[in-house]
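Residue numbers (the working numbering): 19 to 151.
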């Protein structure tokens with residue numbers, strides 16, 4: 019049984035290091051991002067945050083969300099901001115509630131490998147689709 023655990027640990031370590039390698043590669047590629055791209059991303063971030071606070075029923079409820087839900091909310095909104103601007107407050111609230119109640123963001127799902135690449139990608143795809151309606 020100990021041998022099996024060591025193999026699993028090694029597989030996790032190798033899997034983690036490959037994720038780490040791809041993160042390092044991505045960061046190296048983005049190291050010298052032009053100022054206009056930085057400003058573009060900053061504008062999207064601030065317009066997304068403003069939109070969320072204007073449209074959500076109880077902005078203080080955001081503070082009670084876990085990190086993964088905050089991440090999902092921000093990614094979903096920022097990716098779809100141009101489509102969302104025309105949505106009503108009620109439509110946005112429904113999307114927000116759908117995000118909060120989605121199985122991808124439930125505690126039992128998050129316990130099963132919160133930071134695994136496939137889990138993160140699945141959560142982000144789900145949040146983008148929820149707000150892309």
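For every residue, glycine included, the Cβ atom is placed at its ideal position computed from N, Cα and C.
- The DSSP-derived three-state label of residue 61 is helix.
- Note on residue 113: 16 or more other CB atoms within 10 angstroms of its CB, so buried under the neighbour-count rule.
- Taken through DSSP and simplified to helix, strand or coil, residue 90 comes out as helix.
- Nearest neighbour of residue 68 by Cα position, chosen from 103, 124, 151, 141, turns out to be 103.
- A direct Cα-to-Cα measurement between residue 109 and residue 99 gives close to 14 Å.
- In this structure, the alpha-carbon of residue 49 lies about 23 Å from that of residue 138.
- When the beta-carbon positions are compared, residue 95 and residue 70 come within less than 8 Å of each other.
- Counting only the Cα atoms, residue 87 lies some 10 Å from residue 119.
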